[in-house]
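Each remark here refers to the structure printed beneath this line.
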Amino acid sequence: MLTEAGPRSFDAVIIGAGHNGLVAAAYLARAGLKVLVLERREMVGGAAVTEEILPGFKFSRAAYVLSLFRAEIIRELRLADHGFSVIPRNPSSFTPLLDGRFLLLGPDPGLNHREITKFSPRDAEAFPQYEATLDRITRFVEPVLDMAPPDLAATGWKERAETIGDLARLVWRAVKLGRDLLPLLEMCVAPASRILDRWFESEPLKSTLATDAIIGAMASPSTPGSGYVLLHHAMGQTDGVRGVWGYVRGGMGSLAQAIAGAARAHGATILTGRPVAKILTEADGATGVILEDGTTIRARVVLSSADPKVTFLNLLPAESLPGKFRDRISSMDFSSGVTKINVALDRLPSFRAHPGHAPGPQHYGTIHLVSAMEEIEVAYRDALAGRPSTRPVIEMTLPSSLDPTLAPPGKHVMSLFVQYTPYTLAQGTWDDPGIKDAFADRVFRVIEEFAPGFTASVLARDILSPLDLERIFGLTGGNIFHGAMGFDQLFWLRPAPGWSRYRTPIANLYLCGAGAHPGGGIIGAAGRNSALAVLADLRRFISPRHLRHSRVA
Ligand SMILES: Cc1cc2nc3c(=O)[nH]c(=O)nc-3n(C[C@H](O)[C@H](O)[C@H](O)COP(=O)(O)OP(=O)(O)OC[C@H]3O[C@@H](n4cnc5c(N)ncnc54)[C@H](O)[C@@H]3O)c2cc1C
């Protein structure tokens, strides 16, 4: 415990107990280091939390579905032993239409064929080929998530040899990808709409798939580069089934609790309610942190899972960083258009297109209340003009339909991930009285069109504007990914050219959160990869016998 009389010196201090900070802590502690995690909030998890906002109603208050989290982390940290489990969703999506039709999609190819045929027999034939192509491409990209991008700026002969080896492996795998290399290159730079238009003709199918290309992004499907966001969200798996998203049993916070449990089991100390005010630097690099209460903690290395703007612009004095690097971080794109609304419900909604309040296939997956690509474009254009969308794009989930631990018997919790709400409004701010309620009322009116009686079933609501996401979760600009996921801010360029391998211009300071490769989402790879980078660097100073498990299978 860090008490007045307790230790003030550690091998590694980690700023922030988001899932990445916790993963890094678990790997470093498992390797035998003395690790301290400092979190500003009163709970661990960052954007991966379960909060009981109304007694008996447990919300995944920010992130709500899981797929990208790396399977090897679950295995290596034995997260199942610490209470982690995922509930798969089948069907995984439901798109009701106002004309009474609906589209269900999921892991069952037979269901997909029947459902898509209702809109376009041609699309029903094309869909398995589309999924197979995405599958082959994601199998190529996925391993890249688990490695630091090759160091193109390497100068030493050993580092250069390592870079050449890494690049050769990538090129060899790209060659093996064969004819799928071209669709991959196209996905990295093209608008998602162009890719989807090439494959499909039916608007409900295209708009359902397009939501993966805009989620969390201040972009529309016609924005160049949105194809990569689509790919990014197709990369995960649930229980070994690729591309399927699941609910964490007990809410997203159960994942963070499980990682924290693993970290503690290996000896890490995790303290909440301890905001870090400053990263200490001396001539030889980072040497510790100073808390807001004035406590100084020394450490051999410092890892930050706060986003790059918080880490480099708020926690470090300007003169400690090279001007060019600082400018690059200052100009990173953190635009965002997300509002999250968590709702406690008296009963499940009954959809006009698929009636019934009893839990059914229409409730299990992600419910998309948008049925044409143009609706997304119009909503986006509002936001570009500084206005919350007149008709927002709504992604609804009802996790209590599959996980009864989340709400009292018969009651339910609902997550609404809503776009687009610009952080900076053309008129007023998100703090103006009534503005958030007026927006939530607008969202509820749209839901009411699809599910009459919905508003009457609402017991309470928690509206998180981009400004709230920034204040509560520490996400600059409300950006859910610690910086936009455009190709100009990924791989070698995340967070800045030359610094994509978790190390920073300050010796002994590492970035371990979503602002580092491979970016946003609950993936855990930045936490794991950064811990491996730290262990590789420390191996020079600590005897290998001291470092247990410093190589991961
Ligand atoms: C509303 C919302 C919905 C999302 N939905 C999904 C989803 O369904 N699925 C998905 O995969 N991803 C989703 N995401 C994205 C995903 O949750 C994030 O990209 C990811 O959780 C980032 O993890 P992290 O550990 O890198 O950082 P964070 O979770 O942001 O953790 C960083 C931690 O650092 C702490 N911190 C910051 N500054 C300090 C300081 N000075 N001192 C001490 N502590 C500090 C913060 O309080 C925070 O706990 C969502 C995000 C949001 C906000």
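Under my numbering, the first residue of the sequence shown is numbered 209, with each subsequent residue one higher. Ideal placement from N, C-alpha and C gives every residue a C-beta, glycine not left out.
Review point. Is it the case that the Cβ atoms of P299 and L577 are separated by a distance below 9 Å?
Key: no
Point to revise | Complete beta strand (DSSP E) runs within the segment 438-503 (minimum length 3 residues, chain order) | key: Counting only runs of 3 or more, we get 454-456, 477-479, 484-490 and 493-499.
**Study point:** Where the beta strand (DSSP E) containing S693 begins and where it ends
**Key:** The residue asked about is misnamed: residue 693 is Met in this sequence, not Ser. Neither: M693 is in no beta strand (DSSP E) and is coded neither H nor E.
Point to revise | Three CB pairs or more closer than 8 Å across the segment 685-693 and the segment 443-461 | key: no
Exercise for review: Give me the Cα-Cα distance between G590 and R482, rounded to the nearest whole angstrom.
Suggested key: It should be noted that the sequence gives Asp, not Gly, for residue 590. Spanning the two alpha carbons is a distance of roughly 39 Å.
Exercise for review: Evaluate L746 with the Cβ neighbour count: other Cβ atoms within 10 Å of its Cβ, from every protein chain shown; 16 or more gives buried, anything less gives exposed.
Suggested key: buried
Exercise for review: Inspect the CB distances between the segment 410-424 and the segment 256-273 and report whether three or more fall short of 8 Å.
Suggested key: no
Practice item. Over the uninterrupted alpha helix (DSSP H) stretch that includes L244, give me the two end residues. Key: Segment V243 to L246 is the beta strand (DSSP E) holding L244; no alpha helix (DSSP H) there.
Review point. Taking the continuous alpha helix (DSSP H) assigned at N737, which residues delimit it?
Key: A733 to L746
Review point. Are L404 and I324 close, meaning C-beta to C-beta below 9 Å?
Key: no
Check your understanding: Considering Y631, what are the terminal residues of the beta strand (DSSP E) in which it resides?
Key -> Premise fails: Y631 is in no beta strand (DSSP E) and is neither H nor E.
Practice item. Look at the alpha carbon of F695 and the alpha carbon of A288, and state the distance between them as a whole number of angstroms. Key: 34 Å
Practice item. Please name the residue in R555, A744, R736 and R709 whose C-alpha comes closest to that of R283. Key: R736
Practice item. Jot down the residue ranges of each uninterrupted beta strand (DSSP E) in the segment 514-597, minimum 3 residues, whole runs only, in chain order. Key: 546-553 and 574-576
Practice item. Evaluate G226 with the Cβ neighbour count: other Cβ atoms within 10 Å of its Cβ, from every protein chain shown; 16 or more gives buried, anything less gives exposed. Key: With 16 or more other Cβ atoms inside 10 Å of its own Cβ, G226 counts as buried.
Check your understanding: Can you give, in chain order, each stretch of the alpha helix (DSSP H) that sits fully within the segment 613-674 and has at least 4 residues?
Key -> 643-658
Review point. CA-CA distance, L743 and Y718?
Key: 12 Å
Check your understanding: Are the segment 372-391 and the segment 338-353 touching, with three or more C-beta to C-beta distances below 8 Å?
Key -> Contact holds: three or more Cβ-Cβ distances are below 8 Å.
Practice item. Pick helix, strand or coil for E603, following the three-state DSSP scheme. Key: strand
Point to revise | Euclidean distance between Cα positions of A376 and L701 | key: The alpha-carbon atoms of A376 and L701 are separated by roughly 20 Å.
Review point. For the candidate residues L244, L230 and G661, whose alpha-carbon lies nearest to that of A762?
Key: Nothing about residue 762 can be reported from this structure: the residues present for the chain run from 209 to 761 only.
Point to revise | Coarse secondary structure for S430, derived from DSSP in three states | key: coil
Check your understanding: Mind checking whether the beta-carbon of E394 lies closer than 8 Å to any heavy atom of ligand 1?
Key -> no
Review point. Does the Cβ of S665 have 16 or more other Cβ atoms within 10 Å, making it buried, or fewer, making it exposed?
Key: Buried is the call here.
Review point. Is S430 near ligand 1, going by C-beta to nearest heavy atom under 8 Å?
Key: Not one heavy atom of ligand 1 is found less than 8 Å from the C-beta of S430.
Point to revise | Any 3 or more C-beta pairs closer than 8 Å across the segment 634-647 and the segment 605-615 | key: With a cut-off of 8 Å, the segment 605-615 and the segment 634-647 do not count as touching, because too few Cβ pairs lie within range.
**Study point:** Rounded C-alpha distance that separates A442 from M693
**Key:** 14 Å
Point to revise | Collapsed DSSP secondary structure at A239 in the structure displayed | key: Coil, per DSSP.
Review point. Expressed to the nearest angstrom, what Euclidean distance is found between the alpha-carbon atoms of S538 and K532?
Key: 10 Å
Exercise for review: Would you list, in sequence order, the uninterrupted beta strand (DSSP E) runs of no fewer than 3 residues that lie entirely inside the segment 327-360?
Suggested key: none
Review point. What does F699 pair with, by DSSP beta-bridge criteria?
Key: Answer is none; F699 lacks a bridge partner.
Point to revise | Beta-bridge partners of P399, as assigned by DSSP | key: P432
Practice item. Measure the alpha-carbon distance for A739 versus A279 and round it to whole angstroms. Key: Spanning the two alpha carbons is a distance of roughly 17 Å.
**Study point:** Burial state of K644 (16 or more Cβ within 10 Å)
**Key:** It counts as buried.
Practice item. With a cut-off of 8 Å on the beta carbons, I'd call A494 and V510 a contact; round off their distance for me. Key: 4 Å
Point to revise | Proximal residues to R368 (C-beta, below 7 Å), its chain only, five neighbours per side dropped | key: A362
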